[in-house]
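Step one of this worksheet: look at the structure below.
Protein chains: 2
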Amino acid sequence: MFRGNHPARVDEKGRLKVPAEFKRVVDEKYSGAQYYITSLDGKRAQIYPFEEWQRIEEKLARLSTFNPTKKKFLDRTNYYGQVVEMDNQARLLVPSLLREAAQLKGEVAVVGMLTYLEVRNLEAYRKEIEENAFTAEDEATLDGLGI
Amino acid sequence: MFRGNHPARVDEKGRLKVPAEFKRVVDEKYSGAQYYITSLDGKRAQIYPFEEWQRIEEKLARLSTFNPTKKKFLDRTNYYGQVVEMDNQARLLVPSLLREAAQLKGEVAVVGMLTYLEVRNLEAYRKEIEENAFTAEDEATLDGLGI
DNA sequence: CCACTTTCAACCACTTTGTCCCACATCCTA
DNA sequence: TAGGATGTGGGACAAAGTGGTTGAAAGTGG
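Written out as structure tokens, the structure is:
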């Protein structure tokens, strides 16, 4: 499982170094070196080990082609998405459309979301945390879920 | 399977360069170098490896000649449709009717839809994504479906 | 049915891009 | 402080992408 926040850099060529900690998880948990990198909101990249992405595809496949939410989801993930491979230095190429939309150059945060990773612009992430406090309402919701 | 978005260009002659990644999939998964290129909505081109298109044809053939949806479907796909071949540079000619209707010149997005490809005007696609954000409501819908 | 025109597919050659790999820098641990 | 692990940069070369020319075929009109 991917957990926590590890700073990393996206270099001039658009390559993201996957922090060693996450690399280790990948090596022991997933077979291939393939990833699906995409974004739903255009503000953060999502990196799925390919097997995890396929799991999502399978669930989607059960929905009708004409389900509007599915269409919207696919339109968006397809726009930013690409299958990528890791090089020997544990780097992977972030598609340029996504790099621009989510402002992923230089310092970024690579965040573990249990089954996938997220890559975010550090500044934007910090701001969101500051301006978007966890409310009593949110706590109540978690409480309701027994967490 | 075709996945993700690989930007490409349609040149002055109306030739679309199929991105290398998709070319690779075609080479290993499909026998012929033939494609059926068409469009249902006139806003985006669909490119089917010929074998995939035949699969659709067979399903259609089973329907009555008088099935109104079948007629409509064929009317539309026939309007834009053509069988095309790839040249040695992995390019294929987009029929001019379709090029004009879907504004396919210059920068386009070639998008993998698993069994076929879609070609869209990049600018129009970008706008659609930007103006059509994924809402909390949409997320709730997916959540409800267990995705 | 022939001759002229136009179109288009195939090929060639050049340019650009991206991938892979090497080597160095930095950090952390022992 | 030494040595391994992690992270960074950049260059070389192969792959991908582009544009243009030519010859054959299809289309058109007389």
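Protein chains in written order, with this note's numbering: chain R, 56 to 202; chain Y, 56 to 202. Each residue gets a CB set at the ideal place from its N, CA and C atoms; glycine is no exception. Because the structure is a prediction, the values reported are computed rather than measured.
DSSP beta-bridge partners of residue i
i         : result
Leu-148/R : Arg-70/R
Val-138/R : Tyr-91/R
Ala-164/Y : Pro-62/Y, Arg-175/Y
Leu-169/Y : Phe-57/Y
Element boundaries [beta strand (DSSP E), containing residue i]
i         : result
Asn-60/Y  : 57-65
Arg-175/R : 172-176
Thr-93/R  : 89-93
Tyr-103/R : 99-104
Ala-157/Y : No beta strand (DSSP E) contains Ala-157/Y, which DSSP labels as neither H nor E.
CB contact flag (residue i, residue j, <8 Å)
i         : j         : result
Leu-153/R : Val-65/R  : no
Val-139/R : Ala-63/R  : no
Gln-109/R : Glu-173/R : no
Leu-147/R : Val-81/R  : no
Gly-69/R  : Val-163/R : no
Tyr-171/Y : Glu-107/Y : yes
Tyr-134/R : Pro-104/R : no
Ile-111/R : Ile-184/Y : no
Rounded distance between the beta-carbons of residue j and residue i, thought under 8 Å
i         : j         : result
Tyr-91/Y  : Gly-136/Y : 6 Å
Asp-193/Y : Thr-196/R : That belief does not hold up - the Cβ atoms of Asp-193/Y and Thr-196/R are roughly 19 Å apart, past 8 Å.
Cα-Cα separation between residue i and residue j, rounded to whole angstroms
i         : j         : result
Gly-59/R  : Glu-76/R  : 10 Å
Thr-132/R : Ser-94/R  : 6 Å
Ala-156/Y : Arg-117/R : 32 Å
Pro-61/R  : Asn-187/Y : At residue 61/R the sequence reads His, which differs from the Pro that was named. If you take the alpha carbons of His-61/R and Asn-187/Y, they lie about 31 Å apart.
Phe-189/Y : Arg-99/R  : 13 Å
Leu-177/R : Met-168/Y : 33 Å
Lys-78/Y  : Leu-129/R : 22 Å
Lys-114/Y : Ser-151/Y : 28 Å
Lys-126/R : Ser-119/R : 9 Å
Glu-142/R : Met-56/R  : Looking at the sequence provided, one finds Asp at residue 142/R rather than Glu. In a straight line, the C-alpha of Asp-142/R is about 22 Å away from that of Met-56/R.
Phe-121/Y : Tyr-180/Y : 35 Å
Asp-198/Y : Asp-198/R : 18 Å
Glu-83/Y  : Glu-67/R  : 33 Å
Arg-175/R : Gly-97/Y  : 36 Å
Ala-88/Y  : Ala-145/Y : 10 Å
Leu-200/R : Leu-71/Y  : 52 Å
Gly-161/Y : Ala-191/R : 52 Å
Lys-182/R : Lys-182/Y : 26 Å
First and last residue of the uninterrupted alpha helix (DSSP H) at residue i
i         : result
Ala-195/R : 191-199
Leu-118/Y : Here Leu-118/Y belongs to no alpha helix (DSSP H), and DSSP marks it neither H nor E.
Ala-75/Y  : 75-84
The ligand ZN heavy atom lying under 7 Å from the CB of residue i
i        : result
Ala-75/R : Among the components modelled here there is no ligand, and therefore nothing to report on the ligand ZN.
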